[in-house]
Amino acid sequence: MAVAYARGGLFRRVFSTFNPPPAASAARPQADPSTNLFVSGLNKSTTTEKLKEAFVKFGEVVDAKVVTDRVTGYSRGFGFVKYANLEGAANGIKGMDGKFLDGWVIFAEYARPRPPPQQYQASQTSQPYQTSEAASNYQ
């Protein structure tokens, strides 16, 4: 009885001080509306076909892709859905954001454009590798 009370007291203490994280909009700025949606929270068994079937109810889906692991072939937990127009994309977000797909709650939002790749720029003051006397004597 004392153990059950202690566990219950601990449970109340832990969860009574829980503060939910700030709203997602405060943490990250919203992406500009586009026809491409980013979908996260996917089950590892979710396929591209299942993703497309779930989103086609809200508009004409041009393309859907679940990003998979190269080795295992399983879903990495996110994917992309491309609609034919902005209205379909907005309806897709309203219809599927926070809903269940394959037993998991998924999140849909406008995809952010991929940043341009950064090119490596060698500094002009860098010197090529120099061998020491010990290294040259080793050969």
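Under our numbering, the first residue of the sequence shown is numbered -12, with each subsequent residue one higher. Backbone N, C-alpha and C fix where the C-beta goes; we use that ideal spot for every residue, glycine too. For clarity, every value in this text was computed on a predicted model and none was experimentally measured.
Check, Outcome
"Simplified DSSP state of Ala18, which is helix, strand or coil", "coil"
"CA-to-CA distance, Lys52 to Glu36, given in whole angstroms", "8 Å"
"Segments assigned beta strand (DSSP E), at least 3 residues, entirely inside the segment 51 to 110", "62 to 70, 94 to 97"
"The alpha helix (DSSP H) enclosing Leu24, as first and last residue numbers", "Per DSSP, Leu24 belongs to no alpha helix (DSSP H); it is in the beta strand (DSSP E), 23 to 27."
"Phe42: CB within 6 Å of a non-hydrogen atom of the ligand ZN", "No copy of the ligand ZN occurs in the structure displayed, which carries no ligand at all."
"Nearest-angstrom Cβ-Cβ length linking Val49 and Lys31, presumed shorter than 8 Å", "Going by Cβ atoms, the distance from Val49 to Lys31 rounds to 25 Å, so no, they are not a contact pair."
"Through-space distance from Phe45 to Gly82, alpha-carbon basis", "7 Å"
"C-beta contact flag for Tyr97 and Ser27 at 7 Å", "no"
"Cut-off 7 Å between Cβ atoms - residues of its own chain near Pro102, not counting five sequence neighbours on either side", "none"
"Residues near Ala74 in its chain [Cβ-Cβ closer than 8 Å; skip 5 each side]", "Looking at the sequence shown, residue 74 is not Ala but Glu. Same-chain partners within the cutoff: Gly46."
"Buried or exposed by the 16-neighbour rule on C-beta atoms within 10 Å, applied to Phe42", "buried"
"Whether Gly64 touches Leu29 by CB criterion (7 Å)", "yes"
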